[in-house]
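Working notes, beginning with the structure itself.
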């Protein structure tokens, strides 16, 4: 659907779109007139209101050779702050930033089994006390998230089997805009910015987690969430005969470790490098487990490729430890199974990707609601 022009949009939308433009980079009033194709008087009125409210500030004139130098505008750094949270089996990590993205503080809680919603609230509380004028909170969770309600209906890595109304809980506690997102979708959003134009339109991020396996899917240039927020739950795909378990049950890090331990191996973390080292050393069980794991990946990627025809499948999480030879084995299993096998490669190592993407989601929600 085409967005209304700035001239006919309501006041809240006008302000949000101008703030969004200035969030990208500093601009002058004339730059905004040219970008939006509206009258100088309209831009002056919108900008004046934003300056009066402390959302936007003037930063001084930019140099130019001829004529009166235009004054640049920017979002006011200290108008408020955003807070991003990443929840994993290892614990909860939070970071707050000002409106220029400069870090204000960090907080974390140690892992517990399971990770409780109270752990998330406590971590945010501790950081919020050190964060002036909190405007929005963005939370990443490894589970199924209903985009409409913000309810997390399943999060195996956190030990959550029953639905958790996380967005409602945090809104009630902190009284700010809250967004809850699936972690792999946020990873996919971060990875997408590094892809070329063709891959950016059709790509799958396949994440191998401790107990869960999920996918972030971009198809036709859009992130696919599904009717219940459960698109990408590829861990549920069967990987063998009807009497066998699904991809997640047989191929998660926990499943690999348990299978090696049952064969008498002492398994340390990280598990995948241990598996590969044992297999390289000629251990028969490790070689069998590696073969089964790679065959399962081939099968699941074939299903995904048949349905979505992605240009690239990115292996993230613990699957980043697969080497060229493991990726070659996965590709070999795809040949003949689908007409156009996708490229299969390791996702980039981006330690702050989830927090950065959660901050971006905070911005999107703020702009949707108006500043």
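Residue numbers (the working numbering): 2 to 372.
Glycine residues also receive a C-beta, built at the ideal position from the N, C-alpha and C atoms.
When the options are compared against residue i, the one with the closest alpha-carbon
| i | options | result |
| --- | --- | --- |
| residue 316 | 265, 204, 143 | 204 |
| residue 202 | 53, 311, 332 | 311 |
| residue 157 | 347, 115, 8, 301 | 115 |
| residue 29 | 12, 9, 75 | 75 |
| residue 348 | 181, 303, 193 | 193 |
| residue 305 | 226, 258, 238 | 238 |
| residue 181 | 33, 6, 355 | 355 |
| residue 81 | 287, 98, 71, 23 | 98 |
| residue 246 | 327, 293, 274 | 293 |
| residue 350 | 261, 262, 208 | 208 |
| residue 362 | 286, 151, 138 | 138 |
| residue 89 | 26, 210, 33, 73 | 210 |
| residue 159 | 302, 149, 214, 343 | 214 |
Three-state secondary structure (DSSP) of residue i
| i | result |
| --- | --- |
| residue 125 | helix |
| residue 272 | helix |
| residue 192 | helix |
| residue 223 | strand |
| residue 14 | helix |
| residue 2 | Legend: pLDDT at residue 2 = 40, less than 50; position of this residue unreliable, value from coordinates given subsequently. The answer is coil: DSSP assigns residue 2 none of H, G, I, E or B. |
| residue 358 | helix |
| residue 347 | strand |
| residue 168 | helix |
| residue 376 | Lying before the first or after the last residue shown, residue 376 is absent from the chain, which here runs from 2 to 372. |
| residue 213 | coil |
| residue 23 | helix |
| residue 370 | helix |
| residue 187 | helix |
| residue 79 | helix |
| residue 174 | helix |
| residue 228 | coil |
| residue 7 | coil |
Residues that DSSP places opposite residue i in a beta bridge
| i | result |
| --- | --- |
| residue 73 | 29, 61 |
| residue 138 | 84, 179 |
| residue 239 | 247 |
| residue 116 | DSSP lists no partner for residue 116. |
| residue 56 | BP columns for residue 56 are empty, so no partner. |
| residue 38 | Bridge partners of residue 38: none, in fact. |
| residue 104 | 98 |
| residue 161 | 156 |
| residue 339 | 336 |
| residue 146 | 153 |
| residue 218 | 205 |
Residue range of the beta strand (DSSP E) that includes residue i
| i | result |
| --- | --- |
| residue 203 | Residue 203 -> no beta strand (DSSP E), and no H or E assigned at all. |
| residue 254 | Residue 254 -> not in any beta strand (DSSP E); alpha helix (DSSP H) instead, spanning 254-263. |
| residue 333 | Looking at the DSSP string, residue 333 is not in any beta strand (DSSP E); the run it does join, the alpha helix (DSSP H), is 325-335. |
| residue 98 | 92-99 |
| residue 155 | 153-155 |
| residue 313 | 313-318 |
Extent of the continuous alpha helix (DSSP H) to which residue i belongs
| i | result |
| --- | --- |
| residue 299 | 285-309 |
| residue 41 | 41-53 |
| residue 82 | Note, residue 82: premise wrong, no alpha helix (DSSP H); beta strand (DSSP E) at 82-89. |
| residue 180 | It is not in any alpha helix (DSSP H) - residue 180 instead sits in the beta strand (DSSP E) that spans 178-183. |
Outcome for residue i when other beta-carbon atoms lying within 10 angstroms are tallied against a minimum of 16
| i | result |
| --- | --- |
| residue 352 | exposed |
| residue 3 | Only weak support is given to the placement of residue 3: the predicted model assigns it a pLDDT of 44, under 50, and the question is left unresolved by the model. |
| residue 91 | exposed |
| residue 126 | exposed |
| residue 223 | exposed |
| residue 35 | exposed |
| residue 9 | exposed |
| residue 271 | exposed |
| residue 230 | buried |
| residue 144 | buried |
| residue 96 | buried |
| residue 179 | buried |
| residue 218 | buried |
| residue 285 | exposed |
| residue 7 | buried |
| residue 281 | exposed |
| residue 341 | exposed |
| residue 274 | exposed |
| residue 15 | buried |
| residue 197 | exposed |
| residue 221 | exposed |
| residue 177 | buried |
Contact test: residue i Cβ vs the ligand NAD heavy atom, cutoff 7 Å
| i | result |
| --- | --- |
| residue 164 | Absence of the ligand NAD is noted for the structure shown, with no ligands found whatsoever. |
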